[in-house]
Amino acid sequence: MRKTVKPRDKRFKIAHREALIGVILVIINFVWWYGFGYGLGSEKVENYTYVFGLPAWFFYSCILGFIVMLVLVIISVKFFFKEVPFDNEEGDL
Amino acid sequence: MNWPVITPLLIFLLIIFAVGFWSNKFVIKSDSFLQEYFLGERQLGGFILAMTMVATYGSASSFIGGPGIAYTQGLGWVFLAMVQLATGYFVLMVLGKKFAIVARQYKAITLVDFLKERYKSKAVVLISAASIIIFLFSSMTAQWVGGARLVESLTGLSYTTALLIFVISVLVFVIVGGFRAVALTDAVQGVVMFAGTLILLIATIKAGGGIPKIISSLAAENPNLISPFGAAHTLTPAYVSSFWILVGVGVVGLPQITVRAMSYKNSKAMHSAIIIGTIVVGFIMLGMHLIGVFARPILPGIKVGDTVMPLLSMKVLPPYAAGIVLAAPMAAIMSTVDALLILVSSAIVKDVYLNYVKPHASDSHVKKISFGVTTIIGLIVILLALSPPDLIVWLNLFSFGGLESVFIWPVVLGLYWGKGNKYGAITSMLLGMGSYILLDRFYPNALGLHTVVLPIIISFLGFVVVSYVTHRNVINQNSKEV
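Top to bottom, those sequences are chains A and B. Heads up: the first sequence is residues 1 to 93, going by the working numbering. Heads up: the second sequence is residues 1001 to 1482, going by the working numbering.
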């Protein structure tokens, strides 16, 4: 079965790197979300601070976190992702 | 009948039908019926790809069930829902180019095709087709029920009539248009979902007198509502975090999502889909669940969570706008159901019938079978939906977890781990499905984590251990074959 998938295909090196970027992004996303969510949210509710009317834990974790992840995703795709052809050189179909 | 609300819904349905019939042109013209009907000839651009992923993923639970739970649990549930932001970029990045290239090399049209070529095993094909059919049937039923309840609550028709109207409208465009119709209508539906979320969020904040006021009345009612721990302080960090597997990274194992990762035209389409998908999925999940929480001070005392979203729309919006907003959950449900329908149909027609029953069927025979099977599945689901179960969201998640436990490792390790073989894949699928069903029945949420976590670990271990043990064996077999 490994004969059909040539392991030294150059496109796979690019694909593997991009998959790894996906994994790294998800780890950053998780740490950010968990850190702010439980870091600030575990306070007593009376001691909460607020940003734009929302509890600070929620604002930083969910709203700012969304924006930060979006920026990271855009940067990754624009600067680290490469365009490769999907069809085989000899022509598929 | 509430005509101002119903009119925009009817217009929406007409647009969807028009797209379905327009796609039928491609089905008729195409040289390869199977490629076109089940995969749209791999011609999806970035915007359509992003929208069809979001729309397939976002379902009755994002628009009806989810906001309902957020209403009872408070911000803690919005926090949990935001886990889904990861699906926007993770699936396409991880399956990404490798899957697109390999699927083309294998000439795979369905996920099962891919597994069949990768593992060269009849058992793998049959187990995967069976799990797709079983789990997606339960998921489709849940969606059908959600759709019918929605039509029922909006129009005042009986549940049965509502169900029939809803189902027939979906069946028509799926049967005539195939995957392309599904993807294109998903794009329309995705836009409606996005717009609906935006309109309703703004109207809700306005009706509640601004965010600070809403938050302080929530805190006055029950401080836990604005904490990450849920209204009764029951959402533990371990439990909430385990949703990263169920609705975050595990989504890589959902066949209805993975099949989309082999349908796009080129790298460019994939790149823009990642960005658009992240924006849309993040916004819809954040918006819809926040709406559920913000509804609480505006409409206190709602008992049935599923009615929060329709009642709120009617309350805070003028009738025509409510019609547009309520088209959103309808769109979400339709776009999920249509994807499941075409997928189950492809599992039966392409993966089982053409592989093992009648391998050399003519194109016109395949056409007849595909239309026929799609229709019959639709009708069976109607029968199931006629005596509907109560909590949409849990039924839906059941099929999520089951499919993920079955498919995640055969797909991911099949792509990235050369040593993985058919014995590993079969073990992993059986262990995944078996342990998920057993745990769900007898020991749900083991160790305070969502039920899905253990089966995914078990099936991973099964895959790796068995692949290692049988490694020599497979190499010997292959050399004998050559």
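Just so you know, even glycine gets a beta-carbon here, dropped at the ideal spot from N, CA and C. These numbers were taken from a predicted model, which means no experiment stands behind them.
Three-state class that DSSP yields for residue i in the structure shown
| i | result |
| --- | --- |
| P1318/B | coil |
| P1067/B | helix |
| Y1159/B | helix |
| K10/A | helix |
| P1410/B | helix |
| L1171/B | helix |
| I1392/B | Model confidence at I1392/B stands at a pLDDT of 46, short of 50, so the residue's coordinates are unreliable and nothing is read from them. |
| V51/A | strand |
| V1466/B | helix |
| D87/A | coil |
| S42/A | coil |
| P1008/B | helix |
| F1229/B | coil |
| A1361/B | coil |
| V1453/B | helix |
| Q1355/B | Correcting the residue type first, residue 1355/B is Asn in the shown sequence and not Gln. Residue state, collapsed to three classes: helix. |
| S1387/B | coil |
| V1249/B | helix |
| T1185/B | helix |
| W1417/B | coil |
| L93/A | A caution first: L93/A carries a pLDDT of 39, below 50, which makes its placement in the model unreliable, though a value can still be read off. Correct three-state label for L93/A: coil. |
| W1003/B | helix |
| I1015/B | helix |
| Y1443/B | coil |
Beta-carbon spacing of residue i, residue j below 9 Å
| i | j | result |
| --- | --- | --- |
| I1091/B | L1290/B | For clarity, residue 1091/B is Val in the given sequence; the question names Ile instead. Going by C-beta atoms, V1091/B is not nearer than 9 Å to L1290/B. |
| T1087/B | V1247/B | yes |
| I1324/B | G1210/B | no |
| L1225/B | L1218/B | yes |
| V1352/B | A1129/B | yes |
| V1349/B | V1366/B | yes |
| N1473/B | Y1416/B | no |
| Y1436/B | P1410/B | no |
| T1258/B | F1099/B | yes |
| S1241/B | Y34/A | yes |
| V1167/B | A1148/B | yes |
| D87/A | R1104/B | yes |
| F59/A | Y50/A | yes |
| P55/A | L1075/B | yes |
| Y1089/B | T1278/B | yes |
| V23/A | V1094/B | yes |
| T1052/B | R1260/B | yes |
| A1050/B | A1273/B | yes |
| V1452/B | F1400/B | yes |
| V1027/B | T1185/B | no |
| M1433/B | I1245/B | no |
| G1096/B | A19/A | yes |
| F1038/B | V1176/B | no |
| F1407/B | S1131/B | yes |
| L1340/B | Q1256/B | yes |
| V1188/B | I1342/B | no |
| M1262/B | A1108/B | yes |
| G1448/B | A1238/B | yes |
| S1062/B | M1334/B | no |
| Q1043/B | K1265/B | yes |
Beta-carbon separation (whole angstroms), residue i vs residue j, contact threshold 8 Å
| i | j | result |
| --- | --- | --- |
| L1115/B | V1125/B | 7 Å |
| I1458/B | L1430/B | At roughly 10 Å, the Cβ-Cβ gap does not stay under 8 Å, so I1458/B and L1430/B are not in contact. |
| G1292/B | Y1468/B | Not really, about 47 Å apart at Cβ, beyond 8 Å. |
| I1275/B | I63/A | Not really, about 19 Å apart at Cβ, beyond 8 Å. |
| V1251/B | F1194/B | The Cβ separation is near 19 Å, so there is no contact. |
| M1285/B | L1085/B | 7 Å |
| I1298/B | G1208/B | 5 Å |
| V1145/B | A1347/B | Their Cβ separation, rounded to whole angstroms, is 22 Å, which puts V1145/B and A1347/B out of contact at 8 Å. |
Handout entry: Contacting positions in the segment 1259-1275 of chain B - beta carbon closer than 7 Å to chain A
Key = Listed by position, the residues of the segment 1259-1275 of chain B near chain A (Cβ gap below 7 Å) are N1266, S1267, K1268, H1271, I1274 and I1275.
Handout entry: Minimum length 4: unbroken alpha helix (DSSP H) runs contained in the segment 1030-1094 of chain B
Key = Secondary structure remark: continuous alpha helix (DSSP H) runs of at least 4 residues inside the segment 1030-1094 of chain B, in chain order: 1033-1039, 1046-1057, 1066-1073 and 1075-1081.
Handout entry: Cβ-based contacts, 9 Å cut-off: residues of the segment 1232-1249 of chain B near chain A
Key = Those would be P1237, V1240, S1241, W1244, G1248 and V1249, in chain order.
Exercise for the section: Tell me the start and end of each unbroken beta strand (DSSP E) in the segment 1259-1290 of chain B that is at least 3 residues and wholly inside, in chain order. Expected result: Entirely contained in the segment 1259-1290 of chain B, not one beta strand (DSSP E) run reaches 3 residues.
Problem - Residues of the segment 1079-1096 of chain B with Cβ closer than 7 Å to any Cβ of chain A, in chain order - result: Per Cβ criterion, the list reads F1079, M1082, L1085, A1086, Y1089, F1090, M1093, V1094 and G1096.
Practice task
Compile a chain-ordered list of the residues in the segment 1189-1215 of chain B whose CB is closer than 9 Å to at least one CB of chain A.
Solution key: Taking 9 Å as the cut-off between beta carbons, the residues of the segment 1189-1215 of chain B near chain A are G1210, I1211, P1212, K1213, I1214 and I1215, in sequence order.
Practice task
Let me know the alpha helix (DSSP H) ranges lying completely inside the segment 1096-1128 of chain B, each 4 residues or longer, listed in chain order.
Solution key: Qualifying alpha helix (DSSP H) stretches, in chain order: 1111-1119.
Practice task
For the segment 25-43 of chain A, enumerate the residues whose C-beta is nearer than 7 Å to any C-beta of chain B, in chain order.
Solution key: Only those residues of the segment 25-43 of chain A whose C-beta falls short of 7 Å from the nearest C-beta of chain B are listed: L25, V26, N29, F30, W33, Y34, G37, Y38 and G41.
Practice task
Check each residue of the segment 57-73 of chain A: if its Cβ is closer than 8 Å to any Cβ of chain B, include it; give the result in chain order.
Solution key: Taking 8 Å as the Cβ-Cβ cut-off against chain B, the residues of the segment 57-73 of chain A that qualify are W57, F58, S61, C62, I63, G65, F66, M69, L70 and V73.
Handout entry: the segment 1273-1294 of chain B: positions lying closer than 7 Å to chain A by Cβ
Key = Listed in sequence order: I1274, I1275, T1278, I1279, G1282 and L1286.
Exercise for the section: Return the residues of the segment 1122-1154 of chain B that lie within a Cβ-Cβ distance of less than 8 Å from chain A, sorted by chain order. Expected result: Cβ contacts with chain A come from no residue of the segment 1122-1154 of chain B.
Handout entry: Members of the segment 1062-1075 of chain B near chain A, C-beta cut-off 7 Å
Key = Taking 7 Å as the Cβ-Cβ cut-off against chain A, the residues of the segment 1062-1075 of chain B that qualify are L1075.
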